[in-house]
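K.L.:
Can you read through this structure? Questions will come right after.
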Amino acid sequence: MTFHAPWMLTFLVLCPLIWVQWLRRHPHAAVRFSSVDWLKRHGHSFRVSARVLLPLLRTLAVATLIVCIARPQKGNEETRIYSEGIAIQLIVDRSTSMLAEDFTNESGEPINRLEVVKTVVEDFVLGTGDLEGRPDDLVGLVSFAGYPDSKCPLTLDHAFLSEALRQTQIVSPEEGREEDGTAIGDALALAVEKLRDLDRRRDVSEANRIKSRIIILLTDGENNRGDIDPLKAAELAATYDIKAYTIGAGTDGYAPMPVKDPFGGTFRRQTRVTIDEETLKTIAETTGGKYFRAKNSASLRNIYKEIDELEKTKTEEKRFMQYTELATHPVQLAGFEWPPLLGLALVLLALEITLTNTLLRKIP
2 MTFHAPWMLT FLVLCPLIWV QWLRRHPHAA VRFSSVDWLK RHGHSFRVSA
52 RVLLPLLRTL AVATLIVCIA RPQKGNEETR IYSEGIAIQL IVDRSTSMLA
102 EDFTNESGEP INRLEVVKTV VEDFVLGTGD LEGRPDDLVG LVSFAGYPDS
152 KCPLTLDHAF LSEALRQTQI VSPEEGREED GTAIGDALAL AVEKLRDLDR
202 RRDVSEANRI KSRIIILLTD GENNRGDIDP LKAAELAATY DIKAYTIGAG
252 TDGYAPMPVK DPFGGTFRRQ TRVTIDEETL KTIAETTGGK YFRAKNSASL
302 RNIYKEIDEL EKTKTEEKRF MQYTELATHP VQLAGFEWPP LLGLALVLLA
352 LEITLTNTLL RKIP
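So in the numbering used here, spot 44 of the sequence shown is number 45, and the numbers just go up one at a time.
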């Protein structure tokens with residue numbers, strides 16, 4: 002507890018004057034009697050003895066008022082953390098080539114590329130193991146094959162994004178061949194549009210300060226669909242100061258691809274795979290990002306770990322004291338809530354005045 006004006010406490014030295022005035026009461030009787038021996042023999046009554054409460058109440062009241070004028074304050078230290086986050090737009094390829102089972106799960110069993118990507122990206126966002134997560138960053142998701150699709154807007158609700166990521170599936174035969182393909186340029190342009198429109202969202206600007214905007218583009222093929230050339234989309238990203246990290250996923254040459262046989266079974270057939278690394282490198286260079294190549298599950302995880310280290314959010318901690326005026330606010334003490342000091346002073350004065358004019362009054 003501190004005092005805003007501690008020098009006011011020096012007036013407490015005046016409190017003894019109340020007792021001096023009390024003890025220097027007029028010694029002569031106001032009413033004359035022929036003899037007061039009878040009164041002396043019977044001593045003082047309780048009311049006479051209790052009149053000492055009057056200067057005591059006045060002393061306490063005056064002392065409390067002086068303390069109130071000194072403004073006693075109770076400080077509660079609080080910490081406020083401001084985060085300067087990053088807006089991250091994830092782009093994930095879901096074309097049929099992502100069915101290639103050249104990656105493995107934690108048990109070492111073959112698994113298609115998309116399932117591994119979903120696991121690693123989810124860990125990158127939520128944080129697990131050697132990945133710290135992105136709790137202060139806005140993260141959105143765009144998936145693409147023949148056409149791009151915004152699966153999740155830029156959000157701090159990473160549980161919602163995680164669910165959208167889990168529901169992302171490789172293009173199925175029911176969707177038709179026109180849905181398949183690799184429209185890298187269109188997907189990149191859509192991600193740029195989402196990041197560009199970020200300034201128009203009042204809720205985002207008020208909730209979080211955006212330090213930078215990045216795109217993490219993952220694909221296992223080459224651009225063969227869409228209306229926008231990938232390099233034009235990269236120039237558009239550079240115009241808006243959006244950095245793109247590109248990842249080429251898959252082994253070199255051939256990869257095992259699950260294929261249906263005439264009897265309804267499935268077997269793996271070695272299928273030639275190609276990744277347009279030159280285009281992915283150019284996209285990264287144009288935007289100031291970096292190109293990575295993931296040939297297995299471990300390297301893919303290391304890539305997202307490296308991006309995680311390259312793009313750090315900034316956290317600023319500010320400490321401040323919030324004071325409570327004890328003179329005018331209730332006080333928490335020993336588990337009880339006590340009334341304000343100013344209210345206590347007024348009660349003491351009121352009690353002294355009441356007793357002076359009722360039970361402890363004197364004549365004259």
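Built from N, CA and C at the ideal position, the CB exists for glycine as well.
Helix, strand or coil: how does DSSP classify E410 here?
P.N.:
Residue coverage of the chain in this structure runs from 2 to 365, which leaves residue 410 outside it and unanswerable.
K.L.:
Label F268 either buried or exposed according to how many other C-beta atoms from any shown protein chain fall within 10 Å of its C-beta, with 16 as the threshold for buried.
P.N.:
Reading the sequence shown from its first residue, position 267 is the one you call residue 268. Its Cβ having fewer than 16 others within 10 Å, F268 is exposed.
K.L.:
Roughly how many whole angstroms lie between the Cα atoms of V122 and A146?
P.N.:
Taking the first residue of the sequence shown as 1, we reach residue 122 at position 121. Taking the first residue of the sequence shown as 1, we reach residue 146 at position 145. Their Cα atoms are separated by approximately 18 Å.
K.L.:
Comparing alpha-carbon positions, which option in N225, Q271, L61 lies nearest V14?
P.N.:
One-based indexing of the sequence shown puts residue 14 at position 13. Among N225, Q271, L61, the Cα nearest to that of V14 belongs to L61.
K.L.:
Is L15 helix, strand or coil by DSSP?
P.N.:
Position 14 of the sequence shown, counted from the first residue, corresponds to residue 15. L15: helix per DSSP, three-state reduction.
K.L.:
Keeping to the same chain, check which residues put their C-beta closer than 8 Å to that of N224; ignore five residues upstream and five downstream.
P.N.:
To locate residue 224, count along the sequence shown from 1; it is residue 223. These residues qualify, in order along the chain: T183, A184, I185, G186, D230, P231, D277, T280.
K.L.:
G344 lies in the alpha helix (DSSP H); which residues open and close that run?
P.N.:
Position 343 of the sequence shown, counted from the first residue, corresponds to residue 344. That run of the alpha helix (DSSP H) goes 342–358.
K.L.:
Run the CB neighbour count on G86, radius 10 Å, all protein chains shown included, and call it buried at 16 or more, exposed below.
P.N.:
Position 85 of the sequence shown holds residue 86. With 16 or more other Cβ atoms within 10 Å, it is buried.
K.L.:
What first and last residue would you give for the beta strand (DSSP E) that runs through V143?
P.N.:
Here residue 143 corresponds to residue number 142 of the sequence shown, with the count starting at 1. Counting along the chain, the beta strand (DSSP E) containing V143 begins and ends at 139–145.
K.L.:
Just to confirm before moving on: does the CB-CB distance between I89 and L139 stay below 8 Å?
P.N.:
Mapped onto the sequence shown, residue 89 falls at position 88. Mapped onto the sequence shown, residue 139 falls at position 138. Result yes, Cβ atoms of I89 and L139 sit closer than 8 Å.
K.L.:
Does the Cβ of P7 have 16 or more other Cβ atoms within 10 Å, making it buried, or fewer, making it exposed?
P.N.:
Sequence index remark: in the sequence shown, residue 7 carries index 6 (1-based). Exposed, since its Cβ has fewer than 16 Cβ neighbours within 10 Å.
K.L.:
Per DSSP, what kind of secondary structure is A256 in: helix, strand or coil?
P.N.:
The sequence position of residue 256 within the sequence shown is 255, counting from 1. Strand, per DSSP.
K.L.:
R95 and V143 - do their beta-carbons sit closer together than 8 Å?
P.N.:
Along the sequence shown, read from residue 1 onward, the residue named residue 143 stands at position 142. Along the sequence shown, read from residue 1 onward, the residue named residue 95 stands at position 94. Cβ atoms of V143 and R95: not closer than 8 Å.
K.L.:
In three-state terms, what does DSSP make of A304?
P.N.:
Taking the first residue of the sequence shown as position 1, residue 304 is located at position 303. The question names Ala, but residue 304 is Ile in the sequence shown. The answer is helix: DSSP assigns I304 an H, G or I state.
K.L.:
Have a look at S163 and G141 and give me their C-alpha separation to the nearest angstrom.
P.N.:
In the sequence shown, the residue the question calls residue 163 occupies position 162. In the sequence shown, the residue the question calls residue 141 occupies position 140. Answer to the nearest angstrom: the Cα atoms are 10 Å apart.
K.L.:
Is it buried or exposed, Y246, if we count other Cβ atoms within 10 angstroms and call 16 or more buried?
P.N.:
For the purposes of this step, residue 246 is taken as the residue at position 245 of the sequence shown. Per the 10 Å Cβ criterion, buried.
K.L.:
Taking just the CA atoms, how far does D198 sit from E207?
P.N.:
Reading the sequence shown from its first residue, position 206 is the one you call residue 207. Reading the sequence shown from its first residue, position 197 is the one you call residue 198. For E207, the pLDDT reaches just 44, beneath the cut-off of 50, and the residue's location in the model is therefore unreliable, although a value from the coordinates is still provided. Looking at the two C-alpha atoms, the distance is approximately 15 Å.
K.L.:
Report the option in W20, L58, L10, V21 whose CA atom is closest to the CA atom of T357.
P.N.:
For the purposes of this step, residue 357 is identified with residue 356 of the sequence shown, where counting begins at 1. When each option's Cα is compared against that of T357, the closest is L58.
K.L.:
Would you call the region 122–136 and the region 98–107 in contact, with 3 or more CB pairs under 8 Å?
P.N.:
Touching, no.
K.L.:
Could you check where the alpha helix (DSSP H) with E278 kicks off and where it finishes?
P.N.:
Within the sequence shown, numbered from 1, the residue matching residue 278 stands at position 277. From DSSP, the alpha helix (DSSP H) with E278 extends over 278–288.
K.L.:
Using DSSP with H/G/I as helix, E/B as strand and the rest coil, what is S163?
P.N.:
One-based indexing of the sequence shown puts residue 163 at position 162. Of the three classes helix, strand and coil, the one that applies to S163 here is helix, per DSSP.
K.L.:
Output the distance between the C-alpha atoms of I284 and G254, rounded to the nearest integer angstrom.
P.N.:
Sequence index remark: in the sequence shown, residue 284 carries index 283 (1-based). Sequence index remark: in the sequence shown, residue 254 carries index 253 (1-based). One C-alpha to the other measures close to 23 Å.
K.L.:
What residue range is occupied by the uninterrupted beta strand (DSSP E) comprising R197?
P.N.:
The count along the sequence shown starts at 1 and reaches residue 197 at position 196. From DSSP, R197 is part of no beta strand (DSSP E) but of the alpha helix (DSSP H) over 185–197.
K.L.:
Specify whether the region 65–78 and the region 148–160 touch according to this definition: at least 3 beta carbon pairs, one from each stretch, less than 8 Å apart.
P.N.:
With the cut-off at 8 Å, the region 65–78 and the region 148–160 do not touch.
K.L.:
Can you tell which of K119, I70, I112 has its C-alpha closest to the C-alpha of M9?
P.N.:
Counted from its first residue, the sequence shown places residue 9 at position 8. Minimum Cα distance to M9 is reached at I70.
K.L.:
For L352, I'd like the list of residues in its chain whose CB is within less than 8 Å of its CB, leaving aside the five on either flank, ordered along the chain.
P.N.:
Position 351 of the sequence shown holds residue 352. Same-chain partners within the cutoff: L58.
K.L.:
Per the DSSP calculation, I87 is bridged to which residue(s)?
P.N.:
Taking the first residue of the sequence shown as 1, we reach residue 87 at position 86. Looking at the DSSP assignment, I87 forms a beta bridge with S213.
K.L.:
Helix, strand or coil, according to DSSP, for A208 in the structure here?
P.N.:
Stepping through the sequence shown from its first residue, residue 208 is reached at position 207. At A208 the pLDDT is 42, less than 50, meaning the model places this residue with poor confidence; the figure from the coordinates comes in the next sentence. Reduced to three states, the DSSP call for A208 is helix.
K.L.:
Any chance the CB of T3 is under 7 Å from a heavy atom of the ligand PLP?
P.N.:
The ligand content of the structure shown is nil, which means the ligand PLP is not present either.
K.L.:
By Cβ distance, which residues of its chain are closer than 7 Å to L219, with the 5 residues on each side in sequence left out?
P.N.:
The sequence position of residue 219 within the sequence shown is 218, counting from 1. For L219, where only same-chain residues beyond five positions count, the Cβ hits under 7 Å are I92, V93, D94, V118, I248, A250.
K.L.:
Three Cβ pairs or more, each shorter than 8 Å: is that satisfied between the region 284–293 and the region 100–114?
P.N.:
The answer is no - the region 100–114 does not touch the region 284–293, with fewer than three Cβ pairs under 8 Å.
K.L.:
Are the CB atoms of L237 and V274 nearer to each other than 8 Å?
P.N.:
Residue mapping note: residue 237 aligns to position 236 of the sequence shown, counting from 1. Residue mapping note: residue 274 aligns to position 273 of the sequence shown, counting from 1. It is not a contact, given that the beta carbons lie outside the stated cut-off.
K.L.:
Per DSSP, which residues does A239 bridge with? Please list them.
P.N.:
Position 238 of the sequence shown, counted from the first residue, corresponds to residue 239. Looking at the DSSP assignment, A239 forms no beta bridge with any residue, so it has no partner.
K.L.:
Once DSSP output is grouped into helix, strand and coil, what is the label at R59?
P.N.:
Taking the sequence shown and counting its residues from 1, the one referred to as residue 59 is at position 58. If DSSP states are grouped into helix, strand and coil, R59 belongs with the helices.
K.L.:
L345 and Q74: beta carbons closer than 8 Å?
P.N.:
Translated into positions along the sequence shown, residue 345 becomes position 344. Translated into positions along the sequence shown, residue 74 becomes position 73. Result no, Cβ atoms of L345 and Q74 do not sit closer than 8 Å.
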